[in-house]
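J.: With the numbering used here applied, the sequence shown covers 158 to 343. Quick one: the structure is below, questions incoming.
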Amino acid sequence: MPTIKDLLDAFAASWRVALVALVASTALLAADWYKLEYVADTSRWVINGAFIVGIVSGAILISYMVAQLAKVIAYPFKVYAERKSKKDVESKLKAHAEGIHSLPRDQKYILAYFYTTKQRAFPAMFNHPRLVALIQLGYVARAGGTHSAIDWPHYIPQHIWDELEENSEGYTIGERELEYPLRTGY
């Protein structure tokens with residue numbers, strides 16, 4: 158004989174199980190109420206058990222319906238919050254990207270060189286002295302993983318690249334002035 162805890166666990170597993178139990182116990186109680194011959198000889202403890210199962214499964218179904226109703230009511234607020242959050246992130250990224258216009262000339266040249274040569278990703282020493290400031294400001298990022306410290310992959314984040322494209326005339330270098338900015342002495 159299952160315990161009440163076993164019944165609660167079974168009903169809580171799925172609302173369908175609770176619905177089946179509610180329908181079955183309601184049918185058994187209705188048959189007893191109308192004195193149908195099929196349940197006339199059923200003992201009282203079965204009827205009492207059906208009553209308890211009906212109450213418990215009904216309560217579980219009601220709590221499930223309330224939870225679903227709360228989800229439906231909260232959905233528009235959730236969508237609004239997600240859109241607002243996305244707009245906030247986009248505006249922060251845009252403000253961050255606009256900071257490239259106030260960089261020192263040598264740092265601007267590094268970004269302009271890679272934009273002109275269309276290299277969004279490039280290898281460089283892990284702690285290249287000319288890249289450290291750009292990395293700290295978030296205008297250049299290091300790729301993760303295990304690589305050679307001499308040729309570590311770096312890349313320009315998408316929002317920075319987009320800002321370079323929007324202001325391409327200021328970040329395009331002519332062929333005569335084009336010189337690789339990360340030369341090392343070795």
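We put the CB at the ideal spot given by N, CA and C, even for glycine. Because the structure is a prediction, the values reported are computed rather than measured.
1) Report the option in Phe279, Gly327, Ala306, Gly301 whose CA atom is closest to the CA atom of Glu255.
2) Going by beta-carbon coordinates alone, are His311 and Leu250 separated by less than 8 Å?
3) I'd like the span of the alpha helix (DSSP H) that includes Ala296, first residue to last.
4) Which full runs of the beta strand (DSSP E) of 3+ residues lie inside the segment 269–322, going along the chain?
5) Looking at Ser214 and Leu179, is the spacing between their C-beta atoms short of 8 Å?
6) Given Trp190, which residues of its chain have a CB within under 7 Å of its CB, disregarding the five upstream and five downstream residues?
7) Would you kindly work out how many angstroms separate the C-alpha atoms of Ala278 and Ser248, rounded to a whole number?
8) Using the rule of at least 16 other Cβ atoms within 10 Å of the residue's Cβ for burial, across every protein chain shown, is Phe271 buried or exposed?
9) What did DSSP end up calling Lys162 once you bin it into helix, strand or coil?
T.: Answer, in terms of the structure:
1) The shortest C-alpha separation from Glu255 is found at Gly327.
2) No, these two residues do not count as a Cβ contact at 8 Å.
3) According to the sequence shown, residue 296 is Tyr rather than Ala. Per DSSP, Tyr296 lies in no alpha helix (DSSP H) and is assigned neither H nor E.
4) Residue ranges of uninterrupted beta strand (DSSP E) with 3 or more members, entirely inside the segment 269–322 and ordered along the chain, are 278–281, 309–312.
5) Their beta carbons are under 8 Å apart, which means Leu179 touches Ser214 by this criterion.
6) The beta carbon of Trp190 sits closer than 7 Å to none of the beta carbons in its chain outside the five residues before and after it.
7) Going by the C-alpha atoms only, they are around 24 Å apart.
8) When all chains shown are included, Phe271 counts as buried.
9) Of the three classes helix, strand and coil, the one that applies to Lys162 here is helix, per DSSP.
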